[in-house]
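For reference, the structure is listed below as structure tokens.
2 protein chains.
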Amino acid sequence: MAVPDAVPNAVPKIRIDQGDLQDQKISSYRSPLGVTHTQTATIEDFTTESGFRFDQLEVSYQTLGTLSPARDNAILICHALSGDAHVAGTNPKTGRPGWWDYHVGPGKGIDTGKFFVICSNALGGCAGTTGPASARLDTGKPYGMSFPAITIRDMVAVQGRLIEQLGISRLFGVTGASMGGMQALAWAAEYPERVRVCVPLATCTSHSAMQIAFNEIGRRAIRSDPHWNQGNYYEGPRPSHGLAVARMVGHVTYLSAFSMTHKFGRKRQEPSVSRVEDAEMFAVESYLQHQGESFVKRFDPNSYLYLTRALDDFDLFDNGEVAEVVGRIRARFLVISFESDWLYPPTQSRELVRLLKRGNVAVTYINLDTPYGHDSFLIENPPFARVLGHYLDHEYRRINS
Amino acid sequence: MAVPDAVPNAVPKIRIDQGDLQDQKISSYRSPLGVTHTQTATIEDFTTESGFRFDQLEVSYQTLGTLSPARDNAILICHALSGDAHVAGTNPKTGRPGWWDYHVGPGKGIDTGKFFVICSNALGGCAGTTGPASARLDTGKPYGMSFPAITIRDMVAVQGRLIEQLGISRLFGVTGASMGGMQALAWAAEYPERVRVCVPLATCTSHSAMQIAFNEIGRRAIRSDPHWNQGNYYEGPRPSHGLAVARMVGHVTYLSAFSMTHKFGRKRQEPSVSRVEDAEMFAVESYLQHQGESFVKRFDPNSYLYLTRALDDFDLFDNGEVAEVVGRIRARFLVISFESDWLYPPTQSRELVRLLKRGNVAVTYINLDTPYGHDSFLIENPPFARVLGHYLDHEYRRINS
Numbered sequence: 158m159a160v161p162d163a164v165p166n167a168v169p170k171i172r173i174d175q176g177d178l179q180d181q182k183i184s185s186y187r188s189p190l191g192v193t194h195t196q197t198a199t200i201e202d203f204t205t206e207s208g209f210r211f212d213q214l215e216v217s218y219q220t221l222g223t224l225s226p227a228r229d230n231a232i233l234i235c236h237a238l239s240g241d242a243h244v245a246g247t248n249p250k251t252g253r254p255g256w257w258d259y260h261v262g263p264g265k266g267i268d269t270g271k272f273f274v275i276c277s278n279a280l281g282g283c284a285g286t287t288g289p290a291s292a293r294l295d296t297g298k299p300y301g302m303s304f305p306a307i308t309i310r311d312m313v314a315v316q317g318r319l320i321e322q323l324g325i326s327r328l329f330g331v332t333g334a335s336m337g338g339m340q341a342l343a344w345a346a347e348y349p350e351r352v353r354v355c356v357p358l359a360t361c362t363s364h365s366a367m368q369i370a371f372n373e374i375g376r377r378a379i380r381s382d383p384h385w386n387q388g389n390y391y392e393g394p395r396p397s398h399g400l401a402v403a404r405m406v407g408h409v410t411y412l413s414a415f416s417m418t419h420k421f422g423r424k425r426q427e428p429s430v431s432r433v434e435d436a437e438m439f440a441v442e443s444y445l446q447h448q449g450e451s452f453v454k455r456f457d458p459n460s461y462l463y464l465t466r467a468l469d470d471f472d473l474f475d476n477g478e479v480a481e482v483v484g485r486i487r488a489r490f491l492v493i494s495f496e497s498d499w500l501y502p503p504t505q506s507r508e509l510v511r512l513l514k515r516g517n518v519a520v521t522y523i524n525l526d527t528p529y530g531h532d533s534f535l536i537e538n539p540p541f542a543r544v545l546g547h548y549l550d551h552e553y554r555r556i557n558s
Numbered sequence: 158m159a160v161p162d163a164v165p166n167a168v169p170k171i172r173i174d175q176g177d178l179q180d181q182k183i184s185s186y187r188s189p190l191g192v193t194h195t196q197t198a199t200i201e202d203f204t205t206e207s208g209f210r211f212d213q214l215e216v217s218y219q220t221l222g223t224l225s226p227a228r229d230n231a232i233l234i235c236h237a238l239s240g241d242a243h244v245a246g247t248n249p250k251t252g253r254p255g256w257w258d259y260h261v262g263p264g265k266g267i268d269t270g271k272f273f274v275i276c277s278n279a280l281g282g283c284a285g286t287t288g289p290a291s292a293r294l295d296t297g298k299p300y301g302m303s304f305p306a307i308t309i310r311d312m313v314a315v316q317g318r319l320i321e322q323l324g325i326s327r328l329f330g331v332t333g334a335s336m337g338g339m340q341a342l343a344w345a346a347e348y349p350e351r352v353r354v355c356v357p358l359a360t361c362t363s364h365s366a367m368q369i370a371f372n373e374i375g376r377r378a379i380r381s382d383p384h385w386n387q388g389n390y391y392e393g394p395r396p397s398h399g400l401a402v403a404r405m406v407g408h409v410t411y412l413s414a415f416s417m418t419h420k421f422g423r424k425r426q427e428p429s430v431s432r433v434e435d436a437e438m439f440a441v442e443s444y445l446q447h448q449g450e451s452f453v454k455r456f457d458p459n460s461y462l463y464l465t466r467a468l469d470d471f472d473l474f475d476n477g478e479v480a481e482v483v484g485r486i487r488a489r490f491l492v493i494s495f496e497s498d499w500l501y502p503p504t505q506s507r508e509l510v511r512l513l514k515r516g517n518v519a520v521t522y523i524n525l526d527t528p529y530g531h532d533s534f535l536i537e538n539p540p541f542a543r544v545l546g547h548y549l550d551h552e553y554r555r556i557n558s
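If you read the sequences in order, they're chains E and C. To convert, take the position in the first sequence, counting from 1, and add 157; that gives the numbering used here. To convert, take the position in the second sequence, counting from 1, and add 157; that gives the numbering used here.
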């Protein structure tokens, strides 16, 4: 008889069993947007912060909703590490809803009936935007590790070029969680005249040693997989085992002890893969193995190396004094953290809020009690959706009144 | 300019820079015990809970201090996952102090001037006690994965036989942290007449889904290393990369966000190993790589699989109702947890205390504010040493008054 772990007294009524739309076996959920598509933009002559010049970049992106005649209702959504441009609507290739379908759509937190939503796959990614798995123009072979080091600011600069191509000179809003939140912060600091509201979610101005450590374990798992082969695996077997371990580490850090207890506890089940050491495994082990294996099918291990490196290297204040960087900002902020998020803990959001307030930036801060860890932003979460929806509505009315 | 993470207002004066005596480069610390040695006992005819019969087992153990004429001052120390029998004193082979030298020795928390200390390497381990790397009597080859599944109760039963051989019918005390704490709990429940005081540290009555998840990541990393070869690697290259990743995961979970920020922050340094993706690395990355690589030299990957499986399978209450199991206990308890320990969080110790108290077991419970995570029990920690020392003294005087 197992002793149950301590659980919060009042658990919000959130359907945790649905979980993350990208990774879970969702049977009942249907996107109200129906099938949506991604497009590809071409950007000429882009130079990274590290000085590498791309003659040409491809950027996969999606738009939802309608751009207003005044072109003032565009919201850019920046995805997190494992996300892509397909933010909402049913993906015609996979038949699955976009990664943020719970919160982007008609009448949702980010209301596509009111806003023109843009989401693009990040530079260095592997879902349609140029990254390590893309073919070099000169050789026709994948970049692999000849891809240049990229930064969060590079990702943002590419998005800036995309927005220009879409004929938008100023975004109404920019938002995203963790890596997406860093991009939102970089937008507000680098392009102050091009962002009205900035909504960083469950993020920070720079990674702590612990955040770096978890990423490094993932990188180490990939690099030490013999199939990694210094990044040259595109014509042979991929370092799938390494990437699966990296994803398992990531996944555990995205959940909370509570959500894992709630979902799995110490339940046992038959193993999905044969194991030597014994026959029966815990449900949580089987779940993690499934997460690792399904991720391998959709993600490039070299992208994992490059994107996590960009995450760890990011420091909002490394190109100026805090007061100077914050002083440049013109956007108004809604900062949201989740009490149970131990990977991007509320202390980091509070520190961000403190620095913004000290610089006289208008900030609304909400720490939500959602007990499901970092993934709280991804799951069905009515309180989160309400906060987001009310803030965006209020701010949009403010600029139009 | 990095934003510092939030830190506790008052940090106890603990020399965190010394860290874990087993894994850190300790230059200044000298054991007051001088060189100490381990011995080997042979146990005939031992059957595991799973029904496997060993004709013969070897058990590596160390004793420190002097057994009293009444044979009533013996304290058994049970090591954690990566520990061994060499609990204190300078190891003649490595020149390094034992893993608990800060807390075991003359005048220390466990005072070898008063108590007769016994520490043995756990069954299934790889430091002198029979485990998967040991030679089978029938074939002369290592057991590998033909080693039987073992349990925490099997480890305790082997210790029971060792104690008998040492002529001790009743221990004064049994203590240990995490895996060692589970053994202490199992001692109190399985051999109620043979334990006077039980001191479980930073442990639990059964692993939560999150604790299982972190162990499973480590096991997956080992099993997916091609050198693991279904456990048959003893005549070829070992699955060192897999074990290193497992250790890195373990290590991060043993620390706190605070201790990692305090030790490393976002400091950079030259890489200790060559890397393709860029030249400079964070100090915390280098540290973790060092931890992984030094562990590989002293630990058997198959032992890691077997011991973590025993940890995850353990449930103090799986062989009876809670009231019945607690009702058997005769020992008095000191339970200690650490506020910053997120791997074995204080909630688990509080739940243990609650169940013991409900069964009328005499329990003293202390949650120490030490901000260094699960490793708080391993490092130099005067408040911890005082609590331990006072409790043991007081209880020993009580039975002798």
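Just so it is clear, CB atoms sit at the ideal spot from N, CA and C, and this is done for glycine as well. Keep in mind it's a predicted model, so treat the numbers as computed, not measured.
| Query | Result |
| --- | --- |
| Which residues DSSP lists as bridging T220(E), in chain order | I275(E) |
| Nearest-angstrom Cβ-Cβ length linking L445(C) and M405(C), presumed shorter than 8 Å | 5 Å |
| Assigned secondary structure, P396(C) (DSSP; H/G/I helix, E/B strand, else coil) | coil |
| Cross-chain neighbours of P383(C) in chain E, by beta carbon under 8 Å | P383 |
| Pair within 8 Å by beta-carbon distance, V402(E) and A378(E) | yes |
| Rounded C-alpha distance that separates N230(C) from L221(C) | 12 Å |
| Alpha helix (DSSP H) runs wholly inside the segment 465-540 of chain C, at least 4 long, in chain order | 479-485 and 503-515 |
| Residues that DSSP places opposite M426(C) in a beta bridge | Here the sequence assigns Gln to residue 426(C), which means Met is not the residue at that position. Partner(s): M438(C). |
| Rounded straight-line distance, which links the Cα of A284(E) to that of S217(E) | 7 Å |
| Residue-level contact to chain E via CB, A345(C), 8 Å cutoff | no |
| Nearest-angstrom Cα separation, counted from I200(E) out to R318(E) | 7 Å |
| Boundaries (first-last residue) of the alpha helix (DSSP H) holding V313(C) | I309 to Q322 |
| 6 Å CB neighbourhood of H398(E) in its chain, flanking five on each side removed | D382 |
| Inside the segment 322-389 of chain C only - beta strand (DSSP E) runs reaching at least 3 residues | 328-334 and 352-358 |
| Under 9 Å from the C-beta of A370(E): neighbouring residues of chain C | M405, H408, V409, L412, M417, F421, F439, V441, E442, Y444 and L445 |
| Cutoff 8 Å: A359(C) Cβ touching any chain E Cβ | no |
| Collapsed DSSP secondary structure at R554(E) in the structure displayed | helix |
| CB contact check: A341(E) to chain C, cutoff 8 Å | no |
| Alpha-carbon spacing of R228(E) relative to H531(E), whole angstroms | 33 Å |
| Beta carbon of G246(C) nearer than 8 Å to that of G240(C) | no |
| Integer-rounded CB distance, given that V520(E) should sit under 8 Å from V492(E) | 6 Å |
| K271(E) classed as buried or exposed, judged by whether at least 16 other C-beta atoms fall within 10 angstroms | buried |
| Neighbour-count burial assignment, A334(E), 16 or more Cβ in a 10 Å radius | buried |
| Min CB distance D469(C) to chain E below 8 Å | yes |
| Cβ-Cβ separation, L525(C) to E496(C) (assumed contact under 8 Å), whole Å | 7 Å |
| Paired residues, beta bridge with C235(E) - DSSP | S277(E) and G333(E) |
| Beta-carbon proximity list for H236(C), same chain, < 6 Å, skipping 5 on both sides | G337 |
| Residue-level contact to chain C via CB, H531(E), 8 Å cutoff | no |
| Nearest candidate by alpha-carbon position, reference G407(C), set M367(E), R543(E), Y390(E) and H384(E) | M367(E) |
| Nearest to E206(E) (by Cα), restricted to the options G375(E), E478(E) and P305(E) | P305(E) |
| Member of L509(C), S533(C), E215(C) and D498(C) whose CA lies at the smallest distance from the CA of V315(C) | E215(C) |
| Residue from V313(E), G191(E) and Y300(E) with nearest C-alpha to Y391(E) | Y300(E) |
| DSSP bridge partner residues for R210(E) (one or two, in chain order) | T204(E) |
| F261(C), DSSP secondary structure in three states | A small correction: the amino acid at residue 261(C) is Val; Phe does not occupy that position in the sequence shown. Here V261(C) sits in strand by DSSP. |
| Which of helix, strand or coil DSSP assigns to A242(C) | coil |
| Separation of T193(C) from Y529(E), as counted between CA atoms | 49 Å |
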